[in-house]
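In order, the protein sequence lines correspond to chains A and B.
If you count the first sequence from 1, position 12 lands on 11 in numbering that gives the first Met the number 0, and the numbers rise without skipping.
If you count the second sequence from 1, position 190 lands on 189 in numbering that gives the first Met the number 0, and the numbers rise without skipping.
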Amino acid sequence: MPKVVVDVMPKPEILDPQGKAVLGALPRLGFSGVTDVRQGKRFELELSGEVTDDVLEQIRQMAETLLSNPVIENFAISVDGARVEQPERTA
Amino acid sequence: MKVGVVTFPGSLDDVDAQRAVRFGGNEAVALWHGDHDLRAVDAVVLPGGFSYGDYLRCGAISRFSPVMTEVVEAAGRGMPVLGICNGFQILCESHLLPGALIRNDHRKFVCRDQRLRIENNRTPWTSSYAEGVEITIPLKNGEGGFVADAETLDRIEGEGQVVARYLEDNPNGSMRDIAGITNERGNVVGLMPHPEHATEALTGSGTDGLGFFTSLVERAFA
C-alpha cells in the first residue's frame, strides 16, 4: 500500500524552543559542529488505494487544516520517498 | 445572561470559570465538547487546561469538536466568546482570532501573579474596566508565547485589537508583550492569564479578574 509522508516544520522566522533545547544539549554530550537545530513533526499516512491527484489534493487539505497550523508552520508532502511538488494554491 | 462554559476532555478550569460567571452575576451553563447545540446561551467561555492532551498542537483537535462548530457559527453572528489560556489557543486554531501560541521562549512552565494593562475596554468582556487600568491576575502556561507576522501585529495594534498587555516582565516571549487580543468585530476575546482565578479574595490573589465576568451584565443594561 502506498505511504504518504507529511513533514511539518516551524516557519524559519518562528522561534523553535524545542530545537534550541536540543541544540543546547549536543555540546554537553560532546558533539560539536552543529550550529542550529529545528524540530518538526513527521506524519506517515497509509493509504488504502492509489495516490491520484484527487487524493493528493485531499492530503494537502489535511495538512493545511489539521496536521499543520499555517500561521506558524510549513509542510511538505512525499509519496513513497519522493517529494511531491506542491499543487498550486487556488486563489 | 446565560453563559456557557465548555468542558473538553482535559479541561481544568471549567469549574472555576463557571463559578466566576456566577460571581459576575450571570447564570453558568455547562456545555460538553460533544454537544451539537449551545443550549440557548448568550455567551460562551472556553476555559483553560490541556484539552485532548494538547496532542498535535494546543487546541488543534478541540477546534474540530462538535461544540466548536456551533461556537464558531455563533461568534460569526456576534455572540461574545472568551477563551482563557487553552481557550485562547483554541480560538487561534479556529481562526476566530489571528496569530498563534507557541512554547514559552524560556522553555519552562510559568505560574505566577502577573501584572497586565487593559488596553481595550470596548469588548463585552472588558467593559467593566477603565481603559489603561493595571490589574494583577494569575498566569500559568507552558505554551503562551503569542506570535504573528509583523503585518498582522501592526494591524491588530493599529485597530486597537490588543485587549491586554504584559507589564514589567514578559513571562513567555509573547510578541510585543501581548497577553490578550480581540477580533475585528470585538466580540471574541482570547487571554492567556486567568481572570477566573482572581474573582474572590478568599481563594484568589485578589479580585482583579472579576471585571471580565461583570462586563457582560453591564453591557446588557447599558
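For every residue, glycine included, the Cβ atom is placed at its ideal position computed from N, Cα and C.
Could you have a look at residue i and say whether DSSP puts it in helix, strand or coil?
i, result
"C91 (chain B)", "helix"
"D35 (chain A)", "coil"
"D52 (chain A)", "helix"
"R76 (chain B)", "coil"
"M191 (chain B)", "coil"
"M174 (chain B)", "helix"
"V70 (chain A)", "coil"
"T202 (chain B)", "coil"
"P11 (chain A)", "coil"
"V40 (chain B)", "coil"
"L215 (chain B)", "helix"
"G29 (chain A)", "coil"
"R184 (chain B)", "coil"
"E63 (chain A)", "helix"
"E69 (chain B)", "helix"
Within the 9 Å Cβ cut-off, does residue i reach chain A?
i, result
"D41 (chain B)", "no"
"N103 (chain B)", "yes"
"C91 (chain B)", "yes"
"G143 (chain B)", "no"
"A178 (chain B)", "no"
"V109 (chain B)", "no"
"D148 (chain B)", "yes"
"P97 (chain B)", "yes"
"G189 (chain B)", "no"
"R154 (chain B)", "no"
"F63 (chain B)", "yes"
Chain B beta carbons: is any one of them nearer than 9 Å to that of residue i?
i, result
"L22 (chain A)", "no"
"P16 (chain A)", "yes"
"R88 (chain A)", "Because R88 (chain A) carries a pLDDT of 48, less than 50, the predicted location of this residue cannot be relied on, and no value is offered for it."
"L65 (chain A)", "yes"
"P11 (chain A)", "no"
"N73 (chain A)", "no"
"V70 (chain A)", "yes"
"K19 (chain A)", "yes"
Among the options, which residue has its Cα nearest to the Cα of residue i?
i, options, result
"V132 (chain B)", "B:V109, B:A163, B:G144", "B:A163"
"R38 (chain B)", "B:V66, B:A19, B:R56, B:A178", "B:V66"
"L181 (chain B)", "B:I83, B:H35, B:L11", "Checking the sequence, you will find Thr at residue 181 (chain B) rather than Leu. When each option's Cα is compared against that of T181 (chain B), the closest is B:I83."
"H193 (chain B)", "B:R106, B:V14, B:N25, B:N186", "B:V14"
"G86 (chain B)", "B:M0, B:G9, B:R175", "B:G9"
"K139 (chain B)", "B:S126, B:N103, B:P123", "B:N103"
"A149 (chain B)", "B:A129, B:S214, B:R175", "B:R175"
"F7 (chain B)", "B:Q113, B:G48, B:V188, B:N25", "B:G48"
"E223 (chain B)", "B:L95, B:K1, B:S127", "Given a span of 0 to 221 for chain B in the structure shown, any question on residue 223 (chain B) remains unanswerable."
"V50 (chain A)", "A:A24, A:D15, A:A81", "A:A81"
"G210 (chain B)", "B:G159, B:R111, B:W124, B:Q160", "B:W124"
"G43 (chain B)", "B:V188, B:G205, B:D207, B:T206", "As written in the sequence, residue 43 (chain B) is Val, which differs from the Gly given in the question. Of the candidates B:V188, B:G205, B:D207, B:T206, the one whose C-alpha sits nearest the C-alpha of V43 (chain B) is B:V188."
"E118 (chain B)", "B:C110, B:V70, B:A129", "B:A129"
"E167 (chain B)", "B:K107, B:R116, B:G23", "B:R116"
Exercise for the section: State whether the region 31-39 of chain A contacts the region 17-33 of chain B, with contact taken as three or more CB pairs (one from each stretch) at a distance under 8 Å. Expected result: no
Exercise for the section: Write down every uninterrupted run of the beta strand (DSSP E) in the region 90-165 of chain B whose length is 3 residues or greater and which is fully enclosed by it, in chain order. Expected result: 99-101, 109-117, 133-140, 144-146, 161-165
Problem - the region 192-205 of chain B touching the region 87-105 of chain B, judged by at least three CB pairs closer than 8 Å - result: no
Problem - Touching by the beta-carbon criterion (3+ pairs, under 8 Å), the region 71-82 of chain B and the region 42-51 of chain A - result: The answer is no - the region 42-51 of chain A does not touch the region 71-82 of chain B, with fewer than three Cβ pairs under 8 Å.
Practice task
Would you be able to state if there are at least three C-beta pairs under 8 Å between the region 53-66 of chain B and the region 49-68 of chain A?
Solution key: yes
Practice task
State whether the region 168-180 of chain B contacts the region 134-147 of chain B, with contact taken as three or more CB pairs (one from each stretch) at a distance under 8 Å.
Solution key: yes
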